[in-house]
Each structure stands twice: as C-alpha cells, then as structure tokens.
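Below: one structure, written as structure tokens.
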Amino acid sequence: EAFFKGYTIKQWGVQPSELPASILKRLPVRFNYDDNYFFHKFQGMPEEGYTAMIEKILDHPSITVKLETVFDSAMAADYEHVFYSGPLDGYFNFDLGRLGYRTLDFERFTYEGDYQGCAVMNYGEEDVPYTRITEHKHFAPWESHDGSVCYREFSRAAEPEDIPYYPIRQVKEKALLADYVKLAEDSAGVTFVGRLGTYRYLDMDVTIREALDTARGFLQHAETGQAAPAFFTAPL
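Written as structure tokens, this is what we have:
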C-alpha cells in the first residue's frame with residue numbers, strides 16, 4: 001500500500017487486482033540500498049540525449065524523413081516493405097474498434113536549486129493527483145545547473161485525439177488485440193514493431209533490442225527469399 005496501490009490506481013485507473021501480473025513483474029523488489037531501477041549491469045542515458053541519438057540515426061543518405069504526413073495503410077503498396085511502429089488498430093483505421101490506452105498530461109514548473117534530489121520521484125498516495133515528478137538535470141549528473149526544470153505527470157484514459165502511452169491489455173483489450181493480430185498476419189508487406197505496433201508495455205532498452213532483432217530477422221528472410229512475418233515478436 002505504501003508503494004504500489006495508490007500509484008497503480010492513478011496510473012491505470014483500476015484496482016491492482018484487475019491488472020495482469022506482467023505489469024508489476026517489471027518492478028524489482030530489493031532488500032538493500034541499491035536504488036537503480038533495473039538489475040542491468042550497464043545502464044544509463046545517451047550522453048547527448050535521445051534527440052541527438054535519433055538525429056544521427058536519421059542522418060543517412062538512404063533515409064528521407066517526412067513530418068506531418070498522415071500514413072494510410074493503402075500507402076503500403078507503394079513500398080517493398082513497411083515497418084510500422086504506430087498503433088496497431090490505427091493501421092487498420094480502427095475498423096474493429098479502438099484498443100484501450102492510458103495517456104499522460106504534463107505540468108512544467110521550474111525551481112531554483114535542487115527540487116527532489118533525483119531524476120524521478122513516484123507519489124504513491126491516492127490523494128496526490130499526479131503520479132510522479134521528473135527533475136531532468138539528474139538524468140545528466142555530469143552537468144551542473146543551479147536551477148531545475150521539472151514536470152508533474154497526470155495519468156488518464158486516452159481519448160482518440162490523445163497520444164497513446166500505455167496499452168491496458170485487460171481481458172477486453174486482449175480479445176480485440178487477437179482480432180487485430182489476425183488481420184495483421186493476413187496482411188502482406190508490413191511488419192509491426194514497438195510498443196504501439198505490438199500493443200505491449202515495453203521499456204526503452206527492450207524496444208531498441210527488438211528493433212535490432214527485427215532488422216536482423218528481416219535481412220535473414222530476404223537472403224532466403226522468404227516474406228517477413230507481420231510480427232517478429234508475438235503480441236499475445
């Protein structure tokens with residue numbers, strides 16, 4: 001109750017007993033003073049941030065970036081193969097209904113000094129409306145800043161116009177997901193990837209690992225003349 005119950009109710013909008021155990025299994029439980037989030041031997045942030053990392057990935061003569069461009073599944077026929085990381089149900093124009101998501105609202109504030117002493121602080125009390133506060137300068141401890149830029153995070157059910165952050169994956173959603181997976185597997189020339197494309201709760205390191213594995217798997221299929229599957233990692 002001190003750490004999980006109130007936070008879970010705010011984050012997911014349901015009682016913890018209604019959630020799949022896989023969500024809570026992501027959280028390590030320790031009986032020592034190790035305050036790392038993961039058990040990984042090596043962990044950290046890109047020194048220049050994710051923006052610089054993505055810019056370097058996209059700075060390639062074979063890559064063209066098109067912003068503010070609506071993608072329609074009919075456009076897939078114009079390409080040899082599509083790797084789709086948008087919402088799985090969105091690829092099919094939500095024909096079977098919408099999968100459930102939680103989204104976040106962010107409230108920015110500044111502070112002179114050190115606000116909370118760490119990058120992320122969770123607030124487990126139900127009567128505190130936000131789930132956590134992020135103090136960004138602590139993500140880069142090699143830098144020195146007198147002030148702080150912080151964000152409060154508020155979780156709520158995602159509406160159609162919202163950015164989908166967290167797939168709910170309860171019984172109703174998983175039944176609908178199975179129908180969309182069938183549609184995807186019957187579609188040629190497209191592979192679904194990432195948190196939205198596979199409707200799974202993924203951390204950043206797992207997402208990157210799966211993207212690399214998908215690229216490797218696609219090349220192996222191409223070498224043998226096989227068609228790439230709709231999913232290299234099964235959503236169900």
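In terms of the working numbering, the sequence shown opens at residue 1 and continues consecutively. Yeah, the Cβ is synthetic: ideal placement off N, Cα and C, and Gly gets one too.
- In this model, Cys-118 and Met-75 are separated by some 45 Å (Cα to Cα).
- A distance below 6 Å between beta-carbons, with the five flanking residues on each side excluded, links Gly-6 to the following residues of its chain, in chain order: Gly-124, Glu-125, Glu-126.
- With respect to the C-alpha of Lys-10, the residue from Ala-157, Asp-89, Asp-59, Asp-114 having the closest C-alpha is Ala-157.
- Arg-200 has its alpha-carbon roughly 31 Å from the corresponding atom of Tyr-33.
- Distance check between Val-14 and each of Leu-236, Leu-176, Ser-155, Gly-44 places Ser-155 closest, using alpha-carbon atoms only.
- In this structure, the CA atom of Ala-178 is about 13 Å from the CA atom of Gly-197.
- Gly-113 is not a Cβ neighbour of Leu-176, given a cutoff of 9 Å.
- Between the alpha carbons of Trp-12 and Phe-4 lies a gap of roughly 11 Å.
- Rounded to whole angstroms, the Cβ separation of Phe-94 and Ser-73 is 11 Å, and the two are not in contact under 8 Å.
- Between Val-120 and Glu-143, the gap from beta carbon to beta carbon reaches 9 Å or more.
- For Pro-167, the secondary structure class from DSSP, reduced to helix, strand or coil, is strand.
- In the three-state reduction of the DSSP assignment, Arg-102 falls in the strand class, which pools E and B.
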